[in-house]
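Undergrad: Dropping the structure in here first, questions after.
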Amino acid sequence: MTIKLKLRILMLVTLLAIAGGIVATAIGFNSVNNTHADAHRRQEQVRGITEIKASLLATMGLDPATEDTKRIFAEAERDIAKWAEVTAPLFLMPARHQAFQNIVGAWSEYDQKSQQLITLAATDPKQANDKNTELYRSNFQPMMAMVEQLADECSKEAAASIERANNMSTFAVRAVVAILAVILLLVVGGVLVVSASIRKALGGEPEFAAKLCQRIADGDLTTEIVLQDGDKHSLLAAMHDMKDKLTVIVHGIKQASGTIAVGASEIAVGNTDLAQRTEEQAASLEETATSMEQLASAVGNNADNAKQAESLADSALDVAHRGGEVVKRVVVTMDQISESSAKIGEIVKLIESIAFQTNILALNAAVEAARAGEQGRGFAVVASEVRNLAQRCAGATTEIKSLIEESVSRVGNGGKLVAEAGSTIEEIVHSVMRVNDIVREISSASSEQHDGITQVNKAVTQMDDVTQQNAALVEEASAAAQSMSHQADMLRDAVAVFRMKEAGQQRVQAMAPAAGAAAASGGLAVVKSTSRALPDNPARNPRLPARKVVGGESEWESF
Numbered sequence: 000m001t002i003k004l005k006l007r008i009l010m011l012v013t014l015l016a017i018a019g020g021i022v023a024t025a026i027g028f029n030s031v032n033n034t035h036a037d038a039h040r041r042q043e044q045v046r047g048i049t050e051i052k053a054s055l056l057a058t059m060g061l062d063p064a065t066e067d068t069k070r071i072f073a074e075a076e077r078d079i080a081k082w083a084e085v086t087a088p089l090f091l092m093p094a095r096h097q098a099f100q101n102i103v104g105a106w107s108e109y110d111q112k113s114q115q116l117i118t119l120a121a122t123d124p125k126q127a128n129d130k131n132t133e134l135y136r137s138n139f140q141p142m143m144a145m146v147e148q149l150a151d152e153c154s155k156e157a158a159a160s161i162e163r164a165n166n167m168s169t170f171a172v173r174a175v176v177a178i179l180a181v182i183l184l185l186v187v188g189g190v191l192v193v194s195a196s197i198r199k200a201l202g203g204e205p206e207f208a209a210k211l212c213q214r215i216a217d218g219d220l221t222t223e224i225v226l227q228d229g230d231k232h233s234l235l236a237a238m239h240d241m242k243d244k245l246t247v248i249v250h251g252i253k254q255a256s257g258t259i260a261v262g263a264s265e266i267a268v269g270n271t272d273l274a275q276r277t278e279e280q281a282a283s284l285e286e287t288a289t290s291m292e293q294l295a296s297a298v299g300n301n302a303d304n305a306k307q308a309e310s311l312a313d314s315a316l317d318v319a320h321r322g323g324e325v326v327k328r329v330v331v332t333m334d335q336i337s338e339s340s341a342k343i344g345e346i347v348k349l350i351e352s353i354a355f356q357t358n359i360l361a362l363n364a365a366v367e368a369a370r371a372g373e374q375g376r377g378f379a380v381v382a383s384e385v386r387n388l389a390q391r392c393a394g395a396t397t398e399i400k401s402l403i404e405e406s407v408s409r410v411g412n413g414g415k416l417v418a419e420a421g422s423t424i425e426e427i428v429h430s431v432m433r434v435n436d437i438v439r440e441i442s443s444a445s446s447e448q449h450d451g452i453t454q455v456n457k458a459v460t461q462m463d464d465v466t467q468q469n470a471a472l473v474e475e476a477s478a479a480a481q482s483m484s485h486q487a488d489m490l491r492d493a494v495a496v497f498r499m500k501e502a503g504q505q506r507v508q509a510m511a512p513a514a515g516a517a518a519a520s521g522g523l524a525v526v527k528s529t530s531r532a533l534p535d536n537p538a539r540n541p542r543l544p545a546r547k548v549v550g551g552e553s554e555w556e557s558f
């Protein structure tokens with residue numbers, strides 16, 4: 000599993016945990032709000048009943064003949080009507096609502112009879128007082144009993160609802176704290192796991208690995224890398240192995256460069272002796288060989304150029320064929336893009352229809368909210384916002400639809416241009432095929448000319464076999480000496496940037512004598528092989544360098 004994938008998994012787990020916490024918190028607080036709303040409703044019930052009870056008690060024991068009685072009943076009638084209108088909708092249970100309506104009905108009956116007694120008291124006060132006492136027993140006391148019973152029940156329910164709301168609030172707070180703690184544990188645990196995994200993969204701190212890479216890049220191989228127990232597959236373990244192997248390689252290159260320098264000096268001495276022997280013999284054939292070499296080189300270059308041209312023509316033909324295939328695939332892709340654009344247009348139409356239906360639903364919701372009055376005002380605002388969003392969505396889909404139609408038109412134009420490009424590519428293919436045929440004919444003629452010149456060159460070189468062989472040895476030895484000297488310098492320059500410990504040098508130097516012995520034995524074997532290859536003058540060059548003559552005649556043809 001890559002580090003990138005681990006980090007993505009950690010982010011995904013964190014986001015899921017946070018999303019779960021948000022959802023759970025929202026659900027909990029919604030329940031708390033509902034519970035508090037129910038408690039508030041029940042408190043308002045108790046308040047309304049209490050106000051009605053106070054108004055009823057204000058009418059108890061009044062003398063029907065006094066002027067204040069009529070005023071008090073008028074005030075009680077007004078207050079009870081007001082609180083009845085406010086309190087009645089708060090009773091959601093049918094039984095409680097009916098009990099409240101019974102109280103209101105009992106009050107209406109009691110008020111009507113009291114008004115009759117007030118009218119009677121104007122003519123017969125004694126009879127009015129007697130009936131008032133009877134009215135108190137028959138109407139007022141039962142009515143107050145109903146009020147007391149309903150008030151007690153509502154008070155108990157309000158207290159229970161408040162207790163539930165408090166318990167729900169406490170539970171919600173504890174749940175939110177627990178969820179946040181779980182999210183924190185998940186995030187911290189994920190970070191620790193990913194950090195440990197990355198550290199295990201690196202084998203140490205990333206900053207140390209970066210500095211170590213920079214030091215090795217600068218040629219410093221003296222840095223000690225301390226690995227943890229059992230660490231064999233981390234980045235630092237691989238860098239430790241790389242540093243050790245680089246140290247061995249650099250020491251070997253330094254030793255080999257010294258050996259190569261010694262061999263190059265020996266070859267240079269032998270080349271000087273051999274050049275003196277072949278100078279007089281090569282003078283007579285120098286002009287002829289030079290002319291033939293120039294001619295052979297020119298014809299060879301012509302043949303090589305013809306072969307390269309043929310190869311380029313074949314490559315151009317292949318590229319043209321591939322270009323035609325690519326254009327065909329582009330045409331198919333353009334058709335697919337056109338079909339996809341048409342499908343997107345259908346989807347946009349569907350979105351536009353959904354936006355229109357959403358607008359209608361939002362309008363209906365706004366109407367229903369308006370009917371609900373004050374309690375539906377918040378829902379009306381939400382419905383208005385939904386309607387605005389639906390209208391904006393419809394406008395956006397209209398713009399997207401126009402853009403898609405314009406894109407389809409452009410895709411069609413692009414398809415036409417690609418078709419024209421395909422026909423042009425086919426014409427190019429035919430032209431390249433014709434050029435390829437012409438280049439093949441030129442290549443064939445150049446090859447024939449090269450073969451003829453090669454045969455003439457062989458005839459000239461056979462005029463003095465020994466002289467040309469010696470000249471070839473001189474050329475080969477000179478080139479070898481220059482090449483070996485140049486390579487030795489390059490090796491020294493290449494390894495000069497590396498700094499190593501003395502212990503590493505001692506280990507490699509301990510291996511050097513064996514390598515030197517192997518090189519010396521190889522040099523002797525090569526000298527023997529060379530002496531057998533030149534039987535004409537075996538005693539003239541006893542210090543011949545350790546080089547092998549490879550491909551006798553083919554090497555001196557370029558002299």
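Residue numbers (numbering that gives the first Met the number 0): 0 to 558. The C-beta atom is built at its ideal place from N, Cα and C for all residues, glycine as well.
Should residue 363 be labelled buried (16 or more other beta-carbon atoms within 10 Å of its own) or exposed?
TA: Along the sequence shown, read from residue 1 onward, the residue named residue 363 stands at position 364. By the 10 Å Cβ count, residue 363 comes out exposed.
Undergrad: Might you give, ordered along the chain, the residues of its own chain that have their beta carbon closer than 8 Å to the beta carbon of residue 93, omitting 5 neighbours on each side?
TA: Residue numbering aside, residue 93 sits at position 94 when the sequence shown is read from its first letter. No residues qualify anywhere along the chain.
Undergrad: Give the DSSP bridge partners of residue 219, in chain order.
TA: As a first step, residue 219 is located in the sequence shown; it is residue number 220 there, counting from the start. According to DSSP, residue 219 bridges with 498.
Undergrad: Can you give me the C-alpha to C-alpha distance between residue 435 and residue 237, rounded to a whole angstrom?
TA: By one-based count along the sequence shown, residue 435 stands at place 436. By one-based count along the sequence shown, residue 237 stands at place 238. Going from the Cα of residue 435 to the Cα of residue 237 covers about 52 Å.
Undergrad: Suppose the cutoff is 8 Å on Cβ atoms and the five residues either side in sequence are ignored; what does the same chain contact list for residue 316 look like?
TA: For this step, residue 316 is matched to residue 317 along the sequence shown. Within the same chain, residue 316 has close Cβ partners 428, 431, 432, 435.
Undergrad: Can the beta-carbon of residue 9 be found closer than 8 Å to that of residue 193?
TA: Stepping through the sequence shown from its first residue, residue 9 is reached at position 10. Stepping through the sequence shown from its first residue, residue 193 is reached at position 194. Taking 8 Å as the Cβ cut-off, residue 9 and residue 193 qualify as a contacting pair.
Undergrad: Does the beta-carbon distance from residue 382 to residue 368 come in below 8 Å?
TA: Within the sequence shown, the letter at position 383 stands for residue 382. Within the sequence shown, the letter at position 369 stands for residue 368. Taking 8 Å as the Cβ cut-off, residue 382 and residue 368 qualify as a contacting pair.
Undergrad: Using only the alpha-carbon positions, how far apart do residue 266 and residue 299 sit?
TA: As a position in the sequence shown, residue 266 is number 267, starting the count at 1. As a position in the sequence shown, residue 299 is number 300, starting the count at 1. Residue 266 and residue 299: Cα-Cα distance of roughly 31 Å.
Undergrad: Can you check whether the CB of residue 260 is closer than 8 Å to the CB of residue 487?
TA: Here residue 487 corresponds to residue number 488 of the sequence shown, with the count starting at 1. Here residue 260 corresponds to residue number 261 of the sequence shown, with the count starting at 1. Their beta carbons are under 8 Å apart, which means residue 487 touches residue 260 by this criterion.
Undergrad: Between residue 302 and residue 451, what straight-line distance do the alpha-carbon atoms span, to the nearest angstrom?
TA: Start at 1 with the first residue of the sequence shown, and residue 302 comes out as number 303. Start at 1 with the first residue of the sequence shown, and residue 451 comes out as number 452. Cα to Cα, residue 302 sits roughly 12 Å from residue 451.
Undergrad: What is the DSSP secondary structure of residue 122, reduced to helix, strand or coil?
TA: Locating residue 122 in the sequence shown gives position 123, where the first residue counts as 1. In the three-state DSSP reduction, residue 122 falls in the coil class, being neither helix nor strand.
Undergrad: Residue 139 to residue 67, Cα distance in whole Å?
TA: Here residue 139 refers to the residue found at position 140 when the sequence shown is read from its first residue. Here residue 67 refers to the residue found at position 68 when the sequence shown is read from its first residue. Their Cα atoms are separated by approximately 19 Å.
Undergrad: May I have the straight-line CA-CA distance separating residue 571 from residue 417, to the nearest angstrom?
TA: In the structure as shown, the chain begins at 0 and stops at 558. Residue 571 is therefore absent and cannot be evaluated.
Undergrad: Taking one C-beta from the segment 351–358 and one from the segment 372–381 each time, how about it: are there three or more such pairs within less than 8 Å?
TA: Flag = no, the segment 351–358 and the segment 372–381 do not touch.
Undergrad: Return helix, strand or coil for residue 547, following the three-state DSSP convention.
TA: The count along the sequence shown starts at 1 and reaches residue 547 at position 548. Below a pLDDT of 50, predicted positions are generally treated as unreliable, and residue 547, at 41, falls in that range; the measurement from the model is reported next regardless. Reduced to three states, the DSSP call for residue 547 is coil.
Undergrad: Does DSSP classify residue 477 as helix, strand or coil?
TA: Position 478 of the sequence shown holds residue 477. Helix at residue 477.
Undergrad: Can you have a look at residue 166 and say buried or exposed, based on whether 16 or more other CB atoms are within 10 angstroms of its CB?
TA: Numbered from its first residue, the sequence shown carries residue 166 at position 167. Residue 166 is exposed by the Cβ-count criterion.
Undergrad: Pairs of beta-carbons, one from the segment 338–351 and one from the segment 395–405, closer than 8 Å: are there three or more?
TA: yes
Undergrad: In angstroms, rounded to a whole number, what distance separates the CA positions of residue 295 and residue 471?
TA: As a first step, residue 295 must be located in the sequence shown, where it is residue number 296. As a first step, residue 471 must be located in the sequence shown, where it is residue number 472. So the alpha carbons of these two residues sit roughly 17 Å apart.
Undergrad: Going by Cα to Cα distance, which pick from 164, 47, 476, 240 is closest to residue 272?
TA: Numbered from its first residue, the sequence shown carries residue 272 at position 273. That would be 476, whose Cα lies nearest to the Cα of residue 272.
Undergrad: Between the segment 145–165 and the segment 43–60, do three or more beta carbon pairs fall short of 8 Å?
TA: Here the segment 145–165 lies against the segment 43–60, with 3 or more beta-carbon pairs under 8 Å apart.
Undergrad: Determine contact between the segment 127–136 and the segment 176–184, defined as no fewer than three beta-carbon pairs at a distance below 8 Å.
TA: no
Undergrad: Is there contact here, the segment 441–450 with the segment 305–314, by at least three beta-carbon pairs under 8 Å?
TA: yes
Undergrad: Cα-Cα, which of 456, 198, 214, 20 is closest to residue 174?
TA: Taking the first residue of the sequence shown as 1, we reach residue 174 at position 175. Comparing Cα positions, the closest option is 20.
Undergrad: Just the C-alpha distance for residue 441 and residue 286, rounded to the nearest angstrom, thanks.
TA: Along the sequence shown, one-based indexing puts residue 441 at 442. Along the sequence shown, one-based indexing puts residue 286 at 287. If I take the Cα positions, the gap works out to 30 Å.
Undergrad: Consult DSSP for residue 536 and reduce its assignment to one of helix, strand or coil.
TA: If you number the sequence shown from 1, residue 536 lands on position 537. Reliability of the predicted coordinates at residue 536 is poor, the pLDDT of 41 falling under 50, and the value obtained from them is presented with this limitation in mind. Three-state result, residue 536: coil.
Undergrad: Are there 16 or more other CB atoms within 10 angstroms of the CB of residue 489, so buried, or fewer, so exposed?
TA: Residue 489 sits at position 490 when you count from the first residue of the sequence shown. It is exposed - the Cβ of residue 489 has fewer than 16 other Cβ atoms within 10 Å.
Undergrad: Since residue 57 contacts residue 75 with CB under 8 Å, what's their CB separation in whole angstroms?
TA: Translated into the one-based positions of the sequence shown, residue 57 becomes position 58. Translated into the one-based positions of the sequence shown, residue 75 becomes position 76. Contact holds; Cβ gap of about 6 Å.
Undergrad: Please list, in chain order, all residues of the same chain as residue 376 whose beta carbon is under 8 Å from its beta carbon, the five residues on each side excluded.
TA: As a first step, residue 376 must be located in the sequence shown, where it is residue number 377. Correct list, in chain order: 368.
Undergrad: Rank 474, 478, 337 by C-alpha distance to the C-alpha of residue 407 and give the top, closest one.
TA: Numbered from its first residue, the sequence shown carries residue 407 at position 408. Taking only the C-alpha atoms, the option nearest residue 407 is 337.
Undergrad: If you count every other CB in all the chains shown that lies within 10 Å of the CB of residue 101, and 16 or more means buried, which is it?
TA: Here residue 101 refers to the residue found at position 102 of the sequence shown. With fewer than 16 Cβ atoms within 10 Å of its Cβ, residue 101 is classed as exposed.
Undergrad: Sort 247, 72, 461, 464 by Cα distance to residue 498 and report the nearest one.
TA: Translated into positions along the sequence shown, residue 498 becomes position 499. Minimum Cα distance to residue 498 is reached at 247.
Undergrad: Mapping DSSP to helix, strand and coil, what is residue 224?
TA: As a working mapping, residue 224 is identified with position 225 in the sequence shown. Here residue 224 sits in coil by DSSP.
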